[in-house]
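Asks: Reading the sequence shown from the start, the letters are residues 105 to 714 in our numbering.
Each residue gets a CB set at the ideal place from its N, CA and C atoms; glycine is no exception.
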Amino acid sequence: MLKKLQWFIPCLLALLSAGVLGQSPGDLVISEFMANPQAVLDANGEYVEFYNNTSNPVDINGFTLRDDGVDSHVIANGGPLVVPAFGFIVLGVDANSGTNGGYSANYQYDNFVLGNSGDEIVLETSGGTEICRLNYTNGDPFGAGVSAELSNVTLHSGGVTQEGSYVAATSPYGDGDLGSPGSAGNTQGTGGGDPPPAISNIARDLFIPEPGTALTVTADITDDSDVAAAELRWSVDGGAMQSVAMTGPVGDTWTGVISGGEFSDGQVLEYWIWAEDDAPQSAESEHTQVYVGDTPIANLHINDPNGVPLYRLAYARVTGVATVGNSTFSVDNLDVYLQDNSGGVNLFQFGADSLVTITVGNSYTVVGKLDHYNGKTEIIPDDPETDITDNGASTLPDPFNLSIAALLADPETYEGRLVLIEQVSNTGNGAGWPVENSDANLEITDDGGTSLLILRIDGDTDIDGSPEPAWPVNVQGVFNQFDNSSPYNSGYQLLPRSLEDIDVTVGIEPLSGGVANGFKLHPNYPNPFNPATTLRFEVPANSGTVTLAIYNALGQKLKTLVQERLASGAYEVQWRGDGDNGQSAPSGIYFAVLKANGQELQRAKMVLLK
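Here it is as structure tokens:
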């Protein structure tokens with residue numbers, strides 16, 4: 105009996121220290137997960153592996169495994185479910201190794217599914233404390249049947265790991281999928297013994313680093329013995345690593361400084377902490393990315409090969425003019441758009457439409473986190489009331505007048521920006537024109553069906569329930585994307601903001617002067633010109649479809665300025681020296697050609713000088 109007590113009491117104390125005294129974020133990390141097995145169905149082969157970073161066993165019975173949606177499972181093992189000190193535990197959707205692909209699960213859960221495109225894995229105590237978390241955008245970044253393994257168990261911040269810290273499994277198990285459920289595999293830093301230093305509470309003194317201003321970074325670094333050295337390491341725009349020795353500690357806090365001359369506006373600073381104890385054992389913190397200073401919006405659209413922002417979750421400060429205001433696309437969420445000279449972006453925050461007023465034509469400065477939703481690039485402020493600054497009235501940008509083919513040839517350049525497409529027709533292959541309070545995705549073309557685009561009518565606008573226009577029409581709106589699977593390289597849409605964006609008259613100003621008796625195209629003025637010139641023309645009644653287009657000296661059409669039915673009268677329109685693709689034309693001789701019902705009537709010679 106005494107021998108049994110001698111064995112039982114230490115184990116009980118260990119479990120009590122884990123369960124009763126409570127766990128801290130980072131005691132466990134998500135060391136491996138399989139979201140998309142190939143040998144068996146997802147419903148049988150999914151699993152999550154956790155690693156215990158501490159020298160004490162951790163009882164997770166009563167903990168909750170969940171995501172940020174509706175998936176949630178309370179672990180009910182009927183007794184302790186212990187993660188050994190410096191050891192692993194595997195939770196699987198199916199604990200039967202004969203049907204789950206051939207791995208051994210310590211526990212079987214239900215009501216929790218790992219999304220293949222994107223999801224969250226969260227483990228929290230019965231008291232609601234998050235012990236570890238992973239948010240990912242791609243459940244099988246290395247292909248079906250290959251699990252994702254945390255490259256080093258030290259790569260976390262308070263238990264939060266980043267998807268970029270995971271590597272592909274290379275060890276086959278069971279029925280042939282690759283993974284190492286229950287063992288280290290390609291995960292480094294496991295096994296206990298002398299643990300490496302623990303790095304936590306990393307902070308910087310400037311939320312947005314500024315060019316020319318030193319950035320101070322602090323971190324708490326602890327060890328079971330002594331911390332022998334610590335370095336603040338960084339790179340700029342993915343360049344070479346640089347480092348500086350950290351000073352300290354003051355208590356447990358070490359300090360490092362990056363001089364302000366190391367970075368410029370719009371660059372991405374990536375920094376992390378390295379520490380070594382006297383064993384020596386070393387550890388490295390999670391990497392933090394942040395945009396420096398004032399960032400051009402186009403920089404947010406730098407994507408990886410899968411169409412995900414390369415610096416997703418980095419904070420940035422951008423300034424742009426609002427092209428979409430409150431309650432246009434949502435009456436609950438803040439869902440508006442900003443545009444600067446380089447690009448456009450969706451400014452979004454759940455449930456925040458009433459917290460801040462966004463006025464079309466005003467300039468706003470926003471500090472927020474870069475993210476994406478089904479391919480659409482977003483900047484998300486933590487607190488819209490403090491992170492959005494209204495700079496007052498500005499100039500609303502003109503839409504880019506482009507063909508569908510030109511848009512789809514370079515979609516990321518125009519995503520989030522105002523775009524005008526002329527003479528589009530409804531192919532009839534999409535949804536019908538929406539009734540009131542409903543959304544609709546119509547399929548449109550501007551070249552007879554060769555180039556296709558979705559015209560998205562949002563039920564929160566005043567367009568739904570209105571009469572369908574007589575096609576073809578000119579349409580403008582925000583160019584956008586909705587692609588619900590990786591790679592995010594399709595699903596582009598045009599979102600008109602209101603009825604005023606449907607059947608737009610393109611740049612034509614009717615002039616006073618009564619009814620015209622015939623067709624006349626006046627010489628352009630000024631001529632020669634740079635950067636723009638004005639064309640004046642007259643059309644009589646019953647002229648049919650009037651076209652005014654620009655051709656180069658080779659007879660190639662560059663730009664369609666007018667293509668519609670016009671009432672009798674005089675009109676003028678401006679040409680800005682660009683083509684339908686939005687690119688500037690070179691210096692040279694050009695011709696404005698006036699046609700009615702496809703028949704050329706008159707032409708004017710123009711000279712563009714640069």
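#1: For residue 127, count neighbouring C-beta atoms within 10 Å of its own C-beta (all shown protein chains included) and say buried if the count is 16 or more, exposed if not.
#2: Over the uninterrupted alpha helix (DSSP H) stretch that includes residue 509, give me the two end residues.
#3: Based on the DSSP secondary-structure assignment, which residues constitute the bridge partners of residue 312?
#4: On the three-state DSSP scale, how would you describe residue 146?
#5: Am I right that residue 382 and residue 330 are in contact with their C-beta atoms under 8 Å? What's the rounded C-beta distance?
#6: Which word fits residue 345, buried or exposed, when buried means at least 16 other C-beta atoms lie within 10 angstroms of its C-beta?
#7: Among 509, 175, 461, which has the Cα closest to the Cα of residue 435?
#8: Would you report the Cα separation of residue 149 and residue 142, rounded to the nearest angstrom?
#9: Pick out whichever of 500, 510, 365 has its Cα sitting closest to the Cα of residue 314.
#10: According to the Cβ coordinates, are residue 498 and residue 465 closer than 8 Å?
#11: Do residue 407 and residue 413 have their C-beta atoms within less than 8 Å of each other?
#12: Given residue 317, which residues of its chain have a CB within under 6 Å of its CB, disregarding the five upstream and five downstream residues?
#13: Under 6 Å Cβ to Cβ from residue 593, same chain only, skipping five residues before and after it: list those, please.
#14: Bridge partners of residue 545, per DSSP?
#15: On the DSSP bridge assignment, give the partners of residue 367 in chain order.
#16: If we count Cβ pairs, one from each stretch, closer than 8 Å, do we get three or more for the stretch 418–428 versus the stretch 439–453?
#17: Where does residue 213 fall in DSSP's three states?
#18: To the nearest angstrom, how far is it from the Cα of residue 623 to the Cα of residue 580?
#19: Who are the Cβ neighbours of residue 540 in its own chain at under 6 Å, not counting the five residues just before and after it?
#20: Label residue 170 either buried or exposed according to how many other C-beta atoms from any shown protein chain fall within 10 Å of its C-beta, with 16 as the threshold for buried.
#21: In chain order, what residues of the same chain lie with their CB nearer than 6 Å to the CB of residue 357, ignoring the 5 residues before and after it?
#22: Measure the alpha-carbon distance for residue 698 versus residue 519 and round it to whole angstroms.
#23: Given this structure, state the Cα-to-Cα distance separating residue 555 from residue 525, to the nearest angstrom.
#24: Would you report the Cα separation of residue 278 and residue 214, rounded to the nearest angstrom?
#25: Expressed to the nearest angstrom, what Euclidean distance is found between the alpha-carbon atoms of residue 97 and residue 561?
#26: Exposed or buried, which one is residue 504 when buried takes at least 16 other CB atoms within 10 Å?
#27: So, at 7 Å on beta carbons, what are the nonlocal neighbours of residue 456 in its own chain, with the 5 sequence-adjacent residues on each side left out?
#28: Give the straight-line distance between the Cα atoms of residue 472 and residue 403, rounded to the nearest whole angstrom.
#29: Leaving aside the five residues before and after residue 517 along the sequence, list all residues of the same chain whose C-beta is less than 6 Å from its C-beta, in chain order.
#30: DSSP three-state label for residue 584, please.
#31: Assuming residue 207 and residue 191 are in contact, meaning their beta carbons sit under 8 Å apart, how far apart are those beta carbons, in whole angstroms?
#32: Per DSSP, which residues does residue 392 bridge with? Please list them.
#33: In this structure, does DSSP put residue 207 in helix, strand or coil?
#34: Can you find a C-beta in chain C that's less than 8 Å from the C-beta of residue 516?
#35: Please work out which residues of its chain come closer than 6 Å, Cβ to Cβ, to residue 371, disregarding the five sequence neighbours upstream and downstream, and give them in chain order.
#36: On the DSSP letters alone, give me the boundaries of the alpha helix (DSSP H) that residue 491 sits inside.
Replies: Inspection of the coordinates gives the following:
#1: buried
#2: 508–513
#3: Answer is none; residue 312 lacks a bridge partner.
#4: helix
#5: 5 Å
#6: exposed
#7: 461
#8: 8 Å
#9: 365
#10: yes
#11: yes
#12: 364
#13: 411
#14: 560
#15: Paired residues: none, contrary to the question.
#16: yes
#17: coil
#18: 29 Å
#19: 568, 569
#20: buried
#21: 322, 324
#22: 33 Å
#23: 12 Å
#24: 22 Å
#25: Look at the range of the chain in this structure, 105 to 714, and you will see that residue 97 is not part of it.
#26: buried
#27: 437, 438, 488
#28: 14 Å
#29: none
#30: strand
#31: The Cβ separation is near 16 Å, so there is no contact.
#32: 375
#33: coil
#34: Among the chains of the structure shown, chain C does not appear; only one protein chain is present.
#35: 340, 341, 396
#36: 488–491
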